[in-house]
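*Asks:* Below is the structure I would like to discuss, written out as structure tokens.
Structure, rendered in structure tokens:
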């Protein structure tokens, strides 16, 4: 069955055009999004994702046209219409149509149903390479639609067989383009708390890690990362993904670390039983 999308009160086929060309998301890049998925047919950590979406909208001064309860009904309808056991949802909230190309009149809300993203079992086992990139996102707490640096570097990432960019500036790391970062120093796990998007998978991993490790949530230096015993990244699509190389430099021995793999297994067990 085909996927569907919700746009400003209507559910239509996913391939139906919905935006007009004077939307502030197109003209000014004024928009935000969020992305999450189901496990066992149940949206994962729905309250957390909604709160983050709500916070992003508040910071961009965009009023939400629907409540959380109304959105739950929309998600249930879209999921049922897809005919799929598991789906992903992408929320997009833009500044809407602006006659003067500047001022917000009424935001546009799009909710897309999508096929689940391809996972990367080889990457989870062997780890990935990232490239250091000097940059800090503007409005990092907002999941904006601005991914210009990732797109600009896409060919270079491919050329160097790298999976992502590691953002750093003034000796401090923040995040990857689409995920949060963690580093192990022995049994101490550190993760950045500045200039980051507050990832939901990050929150879950912190909750899991506290049972077995000392967890420090604080600014993290670039030196701490490149000299770490283990380094990994987390997101909705990456889950817990070991990072084994930063640019030309391997992390420790260049293999996925046992502590990282332990947290990876814990996360996989959690989502396997989600909603049951």
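Residue numbers (our numbering): 15 to 290.
Here a beta-carbon is modelled for each residue, glycine too, at the ideal position from N, C-alpha and C.
Treat the numbers as computed from the prediction; the structure is a model and nothing was measured.
Opposite residue 125 in the DSSP bridges: which residues?
*Replies:* In DSSP, residue 125 forms a bridge with 20 and 105.
*Asks:* Taking the alpha carbon of residue 115 as the reference point, which residue from 216, 36 and 274 has its own alpha carbon closest?
*Replies:* Of the listed residues, the one whose Cα sits closest to residue 115 is 36.
*Asks:* Considering Cα atoms alone, identify which of 278, 73 and 281 is closest to residue 157.
*Replies:* The shortest C-alpha separation from residue 157 is found at 73.
*Asks:* Considering just the uninterrupted stretch of the beta strand (DSSP E) at residue 51, what are its terminal residues?
*Replies:* Where residue 51 is concerned, the enclosing beta strand (DSSP E) stretches over 45–53.
*Asks:* Which whole runs of the alpha helix (DSSP H) in the region 155–190 are 4 residues long or more, in chain order?
*Replies:* List check, alpha helix (DSSP H) in window: 162–166 and 168–173.
*Asks:* Measure the C-alpha to C-alpha separation of residue 203 and residue 112 and round it to an integer number of angstroms.
*Replies:* Their Cα atoms are separated by approximately 46 Å.
*Asks:* Which ranges would you report for the alpha helix (DSSP H) in the region 54–93 if only whole runs of at least 4 residues count?
*Replies:* Counting whole runs of 4 or more residues, the region 54–93 contains the alpha helix (DSSP H) stretches 60–73.
*Asks:* Using CA coordinates, which residue listed in 96, 97 and 68 is at the minimum distance from residue 83?
*Replies:* Out of 96, 97 and 68, 68 has the C-alpha closest to the C-alpha of residue 83.
*Asks:* Since residue 265 sits in a beta bridge, which residues does DSSP pair it with?
*Replies:* Answer is none; residue 265 lacks a bridge partner.
*Asks:* Considering only the alpha carbon of each residue, which of 128, 77, 247 and 264 lies closest to residue 197?
*Replies:* Measuring from the Cα of residue 197, the nearest candidate turns out to be 247.
*Asks:* For residue 99, collect the residues of the same chain with a Cβ closer than 7 Å to its Cβ; drop the 5 residues on either side in sequence, then sort them by chain order.
*Replies:* Correct list, in chain order: 55.
*Asks:* Determine the direct distance from the alpha carbon of residue 25 to that of residue 260, and round the result to whole angstroms.
*Replies:* Rounded to whole angstroms, residue 260 to residue 25 spans 44 Å at the Cα level.
*Asks:* Please name the residue, chosen from 162, 173 and 207, that lies closest to residue 191 on a Cα-to-Cα basis.
*Replies:* Minimum Cα distance to residue 191 is reached at 162.
*Asks:* Verify whether the separation of the beta carbon atoms of residue 250 and residue 50 is less than 8 Å.
*Replies:* In contact: residue 250 and residue 50 (Cβ atoms closer than 8 Å).
*Asks:* According to DSSP, is residue 236 part of a helix, a strand, or is it coil?
*Replies:* Residue 236: helix per DSSP, three-state reduction.
*Asks:* With a threshold of 7 Å on Cβ separation, who are the neighbours of residue 71 within its own chain once the five nearest residues in sequence on each side are excluded?
*Replies:* For residue 71, where only same-chain residues beyond five positions count, the Cβ hits under 7 Å are 46, 78 and 107.
*Asks:* So residue 218 packs on residue 66, CB below 8 Å; how close in whole Å?
*Replies:* Incorrect: roughly 13 Å between the Cβ atoms, too far for contact.
*Asks:* I need the DSSP call for residue 131, collapsed to helix, strand or coil.
*Replies:* It is coil, neither helix nor strand.
*Asks:* Going by DSSP, which residues form a beta bridge with residue 194?
*Replies:* 248.
*Asks:* By DSSP, does residue 220 sit in helix, in strand, or in coil?
*Replies:* Helix, per DSSP.
*Asks:* Measure the C-alpha to C-alpha separation of residue 105 and residue 48 and round it to an integer number of angstroms.
*Replies:* Going from the Cα of residue 105 to the Cα of residue 48 covers about 5 Å.
*Asks:* For residue 178, count neighbouring Cβ atoms within 10 angstroms of its own Cβ and tell me buried if that reaches 16, exposed if not.
*Replies:* Buried, by the Cβ-count rule.
*Asks:* Taking residue 272 as the reference, give the member of 128, 238, 257 and 262 with the closest Cα.
*Replies:* Residue 257 is the option with its Cα nearest to residue 272.
*Asks:* Measuring straight from C-alpha to C-alpha, what distance separates residue 235 and residue 268?
*Replies:* Distance between the alpha carbons of residue 235 and residue 268 is about 20 Å.
*Asks:* Please determine, among 143, 16, 229 and 87, the residue with the shortest C-alpha to C-alpha distance to residue 172.
*Replies:* Per the Cα distances, 143.
*Asks:* Do you know offhand how far residue 86's Cα is from residue 97's?
*Replies:* Distance between the alpha carbons of residue 86 and residue 97 is about 17 Å.
*Asks:* Anyone know if the C-beta pair for residue 189 and residue 195 falls short of 8 Å?
*Replies:* Yes. Within cutoff.
*Asks:* Cutting at 7 Å between CB atoms, please list the residues of its own chain near residue 27, excluding the five before and the five after it.
*Replies:* Same-chain partners within the cutoff: 16 and 18.
*Asks:* Output the boundary residues of the beta strand (DSSP E) element that contains residue 148.
*Replies:* 142–148 is the span of the beta strand (DSSP E), which, as asked, contains residue 148.
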